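Read the structure below first, then the notes.
Numbering (UniProt numbering), first residue to last: 1 to 641.
The following block contains the structure:
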């Protein structure tokens, strides 16, 4: 008995979810729960369970790849367990996900340097990684630490010409510490010989310039010059036989000849010219930094976070982007957009702004921007998906556009606008079978009679206006009317089917009018149908008797309709009979019967002056069904006629 209890207890405990499973369940239920992810990652890190950590971190990065701190934590876990190849792979994936992350590049470089210390080709490999980092993030406004790390590394390796080349590039890039870099460059020039820091071409060009300058500035007496030259020639040894020099080709250091050939005056003047030349670049760069300084100072959160950004921050990003688009280069604009996307990754309008810019300036790269936005950061935002689908369709990638809409439909269920977009995409590419299939499915799957009627009227309109299939359109509308007999929009579509035929089907039109007038729709709508019927007969019928009957029917309905709206007034002057003028169809018409204080005329006032303006106000709005996606209300797609 005791054994059975112990066994049941053990089974009960094993059936309970573990702590890890509980954390996982939270993010599985809601993948956008950033807090749930942080608890899960903290737990696996604490437990030092590398398998669990790999699964957790890799899944997390599919949703939030811009969190550079978690890339470093993940890499550190692998490194601490001596999984060095795995750690390097994580750094590679992280810098690919956030190429502008200066911090992540620095962590990667420091890790890589420690791993390559004993390698024969360590210098080449480390330099290649530095070049990749600078190409990816070196033009970022806050990339100063990365540049300083690279310059220091080249100085440690005595590659002074590479240091100068780095400064030549850096002094043209607007960065936060632009002045600091120029001062460091001045020190670099001051403490090193020009031959050691300049390329051969620049050194020879500058040296010749210095020599010419000194000759031009020298003011010597011609006789003194001749004497000095004579003295010098008399004491000089034959070329190559100087007592202090080794035989040609056997000097211990080839640069010593070049150094010793320069006087101190030449060296100082050359250093001065080196700095002056770069100062021009620095001053130009200083102007560019000044133009952007106010925007940069206003950026308070340059990193990714799920917390909402302040409106002032969003406005600053938009203003900064507008400035860069207008005044910067394409390269600088793209870099700024990429910086913005890190901080504003969850804002659809920012991604749309970036994608639209790329459509105009680099269309082949726009798809990649759309894909990142839709598949990673904004999987449930419809506008960016619709824009992406439209872009792909414009480029002729219709299948890709259809795939985008299908995937969005799987993510966001029962969204009417997605269905409409899919149908119209198929219509534009002439896939009539698919259009029929989608419309019929919408009609059949509609959860309400109103929504079914909505799709039926849209489908019928497509059939008779695009495909000129009046028989099928009439069939669709008739079937819809069986489920929704008082729907004025369906009846108006039936009337329109008759109008659109050539020749016009008068009997079908009048039949539809009679169906409307005998239906259960409200009196306001019936009055409008009666008015439209009278107008139709007057314009197209050749039977005066039928026109008169329609007029009498309309006048009777008009009188009945407005008489029921009269309200009694108190005895007094307002109760006296008056003959006010009433605006009917844009003209002043005198009423022949008494009116109330409301100014409502009775039937005599409607003597064929029926108010056309009333029909103009009739639209789907009275048939007010709405979906959750208010900006794309179905009722706004078409007018009522």
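Ideal placement from N, C-alpha and C gives every residue a C-beta, glycine not left out. This structure is a prediction, so every number in the text was calculated from the model and none was measured.
How many angstroms separate the CA atom of residue 112 from the CA atom of residue 182?
For the purposes of this step, residue 112 is taken as the residue at position 112 of the chain shown. For the purposes of this step, residue 182 is taken as the residue at position 182 of the chain shown. In a straight line, the C-alpha of residue 112 is about 29 Å away from that of residue 182.
Pull up the distance between the alpha-carbon of residue 478 and that of residue 455, whole angstroms please.
Against the chain shown, residue 478 aligns to sequence position 478. Against the chain shown, residue 455 aligns to sequence position 455. Cα to Cα, residue 478 sits roughly 13 Å from residue 455.
Do residue 78 and residue 87 have their C-beta atoms within less than 8 Å of each other?
For the purposes of this step, residue 78 is identified with residue 78 of the chain shown, where counting begins at 1. For the purposes of this step, residue 87 is identified with residue 87 of the chain shown, where counting begins at 1. In this structure, residue 87 lies closer than 8 Å to residue 78 by Cβ.
At which residue ranges does the region 29-59 contain complete alpha helix (DSSP H) runs of 4 or more residues, listed in the order of the chain?
34-47
Determine whether the beta carbon atoms of residue 321 and residue 304 lie at a separation below 8 Å.
One-based indexing of the chain shown puts residue 321 at position 321. One-based indexing of the chain shown puts residue 304 at position 304. Taking 8 Å as the Cβ cut-off, residue 321 and residue 304 do not qualify as a contacting pair.
Whole-angstrom distance between residue 552 and residue 561, CA atom to CA atom:
One-based indexing of the chain shown puts residue 561 at position 561. One-based indexing of the chain shown puts residue 552 at position 552. Spanning the two alpha carbons is a distance of roughly 14 Å.
When the Cα atoms are used, what is the spatial distance from residue 46 to residue 144?
In the chain shown, the residue the question calls residue 46 occupies position 46. In the chain shown, the residue the question calls residue 144 occupies position 144. One C-alpha to the other measures close to 34 Å.
The region 535-547 / the region 506-513 touching (three or more Cβ pairs under 8 Å):
yes
Sorry if obvious, but does the Cβ on residue 480 come closer than 7 Å to a heavy atom of the ligand GTP?
Looking for the ligand GTP in the displayed structure turns up nothing, as the structure carries no ligands at all.
Test item: CB-CB of residue 36 and residue 44 under 8 Å:
For the purposes of this step, residue 36 is taken as the residue at position 36 of the chain shown. For the purposes of this step, residue 44 is taken as the residue at position 44 of the chain shown. No, Cβ-Cβ distance for residue 36 and residue 44 is not below 8 Å.
Measure how close the beta-carbons of residue 66 and residue 345 come, nearest whole angstrom, since I'm counting them as under 8 Å.
Stepping through the chain shown from its first residue, residue 66 is reached at position 66. Stepping through the chain shown from its first residue, residue 345 is reached at position 345. Contact flag correct, Cβ pair sits at about 6 Å.
Suppose only complete runs of 3+ residues qualify. What are the beta strand (DSSP E) ranges in the region 113-179, listed by chain order?
none
Please look up how many angstroms separate the CB atoms of residue 527 and residue 492, rounded, as I've assumed it's under 8 Å.
Translated into positions along the chain shown, residue 527 becomes position 527. Translated into positions along the chain shown, residue 492 becomes position 492. At roughly 14 Å, the Cβ-Cβ gap does not stay under 8 Å, so residue 527 and residue 492 are not in contact.
Suppose only complete runs of 4+ residues qualify. What are the alpha helix (DSSP H) ranges in the region 422-460, listed by chain order?
432-445
From 518, 323 and 309, pick the residue whose C-alpha is nearest to that of residue 293; which is it?
Counting from 1 along the chain shown, the entry for residue 293 is found at position 293. Of the candidates 518, 323 and 309, the one whose C-alpha sits nearest the C-alpha of residue 293 is 323.
Measure how close the beta-carbons of residue 378 and residue 351 come, nearest whole angstrom, since I'm counting them as under 8 Å.
Numbered from 1 along the chain shown, position 378 holds the residue referred to as residue 378. Numbered from 1 along the chain shown, position 351 holds the residue referred to as residue 351. Confirmed, about 6 Å.
Would you kindly work out how many angstroms separate the C-alpha atoms of residue 549 and residue 449, rounded to a whole number?
On the chain shown, residue 549 is found 549 positions in, with the first residue counted as 1. On the chain shown, residue 449 is found 449 positions in, with the first residue counted as 1. One C-alpha to the other measures close to 34 Å.
Does residue 263 pass the burial test, meaning 16 or more other C-beta atoms within 10 Å, or should it be called exposed?
For the purposes of this step, residue 263 is taken as residue 263 along the chain shown, with counting starting at 1. It counts as exposed.
Check whether the region 160-173 touches the region 363-376, counting contact only when three or more Cβ pairs, one atom from each stretch, lie closer than 8 Å.
no
Out of 407, 463, 536 and 291, which one is the CA nearest neighbour of residue 666?
Limits of the chain in this structure are 1 at one end and 641 at the other, which puts residue 666 out of reach.
Short check: CB of residue 271 to CB of residue 190, under 8 Å?
Working through the chain shown from its first residue, we reach residue 271 at position 271. Working through the chain shown from its first residue, we reach residue 190 at position 190. Yes. Within cutoff.
How would you write the range of the alpha helix (DSSP H) that residue 361 sits in, first residue to last?
Position 361 of the chain shown, counted from the first residue, corresponds to residue 361. Unbroken alpha helix (DSSP H) run through residue 361: 348-361.
How big is the Cα-Cα spacing for residue 34 and residue 411?
For this step, residue 34 is matched to residue 34 along the chain shown. For this step, residue 411 is matched to residue 411 along the chain shown. Each residue's alpha carbon lies about 19 Å from the other.
Could you check if residue 330 is buried or exposed, using at least 16 other CB atoms within 10 Å of its CB as the buried criterion?
The residue given as residue 330 occupies position 330 in the chain shown. So residue 330 counts as exposed.
Rounded straight-line distance, which links the Cα of residue 355 to that of residue 380
Numbered from its first residue, the chain shown carries residue 380 at position 380. Numbered from its first residue, the chain shown carries residue 355 at position 355. One C-alpha to the other measures close to 17 Å.
Would you report the Cα separation of residue 261 and residue 286, rounded to the nearest angstrom?
Locating residue 261 in the chain shown gives position 261, counting from the first residue. Locating residue 286 in the chain shown gives position 286, counting from the first residue. Spanning the two alpha carbons is a distance of roughly 37 Å.
Beta-carbon proximity of residue 198 to residue 164, cut-off 8 Å
Reading the chain shown from its first residue, position 198 is the one you call residue 198. Reading the chain shown from its first residue, position 164 is the one you call residue 164. Cβ atoms of residue 198 and residue 164: closer than 8 Å.
In or out: residue 316 buried (at least 16 other Cβ within 10 Å) or exposed?
As a working mapping, residue 316 is identified with position 316 in the chain shown. Counting Cβ neighbours within 10 Å, residue 316 comes out buried, since at least 16 surround it.
Could you work out which residue in 361, 347, 311 and 306 is closest to residue 332 when comparing CA atoms only?
Position 332 of the chain shown, counted from the first residue, corresponds to residue 332. Answer by Cα proximity: 361.
Distance check for residue 318 and residue 162, CA to CA, integer angstroms please.
Here residue 162 refers to the residue found at position 162 of the chain shown. Here residue 318 refers to the residue found at position 318 of the chain shown. About 38 Å.
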